[in-house]
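2 protein chains.
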Amino acid sequence: MPVTSPPRKSALTRNLILEHAYALATRDGLEGLSIGHLAADVGMSKSGVFAHFGSREDLQLAVLDAGARRFASQVMQPALREPRGLPRLRAIVRRWFEWACAHQNGCVLLSAVSEYDGRDGALRDGVVRQQSQWREALAKAAGYAIEAGHLRADADPQQIAFEIYALILGLHHDAGLFGFAPASARADAAFERLWRSWQA
Amino acid sequence: MPVTSPPRKSALTRNLILEHAYALATRDGLEGLSIGHLAADVGMSKSGVFAHFGSREDLQLAVLDAGARRFASQVMQPALREPRGLPRLRAIVRRWFEWACAHQNGCVLLSAVSEYDGRDGALRDGVVRQQSQWREALAKAAGYAIEAGHLRADADPQQIAFEIYALILGLHHDAGLFGFAPASARADAAFERLWRSWQA
DNA sequence: AAAAAGAACGAACGGTCGTGCTATTTTCCG
DNA sequence: CGGAAAATAGCACGACCGTTCGTTCTTTTT
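Taken in sequence, the protein lines are chains C and L.
Residue numbers for the first sequence follow my numbering, beginning at -10 and rising by one.
Residue numbers for the second sequence follow my numbering, beginning at -10 and rising by one.
Okay, structure coming up:
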């Protein structure tokens, strides 16, 4: 007997709306997301969609959060099943490659960085929080790899995290412009060089 | 005696408009650029501004091109005065750091990648052409460094170009979200590691 | 089964968008 | 200086924007 109450209809349609919104924001970014288009995509009225969020900004925040949960469940959490150290670190990167492959037409979370990095407001705050969190997760995983002796003892986890993230950015960038296959090959080679370079 | 005709007023105001447009697009991206805001910023009427370009898309293309010329004159061209090889390659990177420092609130050219990488049309084509061009310039500079014996003979110029660009992306990313100083320090360390790793 | 709450709708609001069209002003050249 | 040509302003347009409101229909609670 589940302790969770049965999902209310409201929550179901809200999730449905968020799924569509995430897909739309994938191509047009959070700034390009319009309630009218979203409503047409879901098959609802504008006001019906609107009522679920109260404002456009709250909708955008909800989409940003939905993207974060998606990313966590597809990239970060599965990698936690790998043993600490280099295996887990490489698992994160491997999953991230799959994520980039599935988001060649644009990643909401990365677009959001470009869209809000020069502004103020709740959305920028959310983006900064997200990026800090994943960077910290990367650094933590790198720290475990150092502790385990998989990487050099004098290595800096934060520096490793920065370089990993930079390569992921390069992967996304090239995948979007030049195709996933060549981008993946370049990034792969770069990562092999990276591991070798930091190896104990 | 200059063969060029004296600059018409039209060209002057067009350049003025483009300057303002570039500044606005720096914060809001090319998709966020609106003719009304631009006109108010310049101090002209909407239709007056509009007449200079004929369509919003042509305006965006002109801004993209203006950004490219700016980038070329501030990053690529000055570096050509350095001797071929590692000095020129490092000069490009150094200038690019300055560019990133001056564009912490957003870079039109990088935002454009996020905005158009999942679409079709003239703007995407322009972005792809730009990025290909700079990547090729990087690879060429890396090739000179290999020829000169500054970098390992078995190194792949395209691979080096990819890794350099990835670090630049990381620099822009972190500078926009966490501030230029820490981002610059991380990127600096990463570049030193990069040079050492590819060194002959 | 009745009552209260909530979800979705359709219409309308004030604004802004990009884009034409027509005057009017400004610039250029003989 | 004067007349052609170009540049700019002014205005209007239809479309879409986010948002509000009142109403209807559905769901949940009593």
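Every residue gets a Cβ at the ideal spot worked out from N, C-alpha and C, and that includes glycine.
Under the three-state reduction of DSSP, L:Q188 is assigned to strand.
For L:F42, no alpha helix (DSSP H) run applies, since DSSP gives it neither H nor E.
The alpha carbon of C:L127 has as its nearest neighbour, out of C:I153, C:S173 and C:V117, the alpha carbon of C:I153. Contacts with chain L (Cβ-Cβ distance below 7 Å) from the segment 45 to 60 of chain C involve no residue at all.
With contacts defined as CB atoms closer than 9 Å, L:L5 and L:V31 qualify as a contacting pair. For L:F151, the closest alpha carbon among the candidates L:L166, L:H139, L:F86 and L:A131 is that of L:A131.
With its beta carbon less than 9 Å from one in chain C, L:S103 belongs to the interface.
Taking a C-beta cut-off of 9 Å against chain C, the contacting residues of the segment 108 to 140 of chain L are R108, R113, V116, V117, Q120, S121 and R124, listed in chain order. The three-state reading of DSSP puts L:L19 in coil, since its state is none of H, G, I, E or B. Flagged as an interface residue toward chain C: L:S186, by a C-beta distance shorter than 9 Å.
In this structure, C:V82 lies away from C:F169, with their beta-carbon atoms at least 9 Å apart.
Within the segment 43 to 130 of chain L, the complete alpha helix (DSSP H) runs of at least 4 residues fall at 45 to 60, 75 to 91 and 97 to 105. Contact check between the segment 66 to 84 of chain L and the segment 10 to 23 of chain L: fewer than three CB pairs, one atom from each, fall below 8 Å, which does not count as touching.
Close partners of L:F151 in chain C (Cβ separation under 8 Å): G159, D163, R175, A176 and A179. By the CB criterion at 9 Å, L:F39 and L:D177 fall outside the cutoff.
Scanning chain L for C-beta atoms nearer than 7 Å to the C-beta of C:R77 yields nothing, as the closest lies near 22 Å away. Within 8 Å of the CB of C:Q148, the CB atoms of chain L belong to R175, A178 and A179, in sequence order along the chain. According to the DSSP assignment, L:D163 belongs to the alpha helix (DSSP H) that extends over P146 to F167. Bounds of the alpha helix (DSSP H) holding L:D30 are I24 to V31. Neighbours of C:L156 across chain L, judged by C-beta separation under 7 Å: A155. Between L:Q148 and C:A10, the alpha-carbon positions lie close to 37 Å from each other.
For L:E20, the chain C residues whose C-beta falls within less than 8 Å of its own C-beta are G18, E20 and G21, listed in chain order. C:A155 counts as buried, since at least 16 other C-beta atoms from the protein chains shown sit within 10 angstroms of its C-beta. The CB of L:G74 never comes closer than 8 Å to any CB in chain C; the least such distance is about 21 Å. Taking 9 Å as the threshold, the shortest C-beta distance from L:Q66 to chain C does not fall below it.
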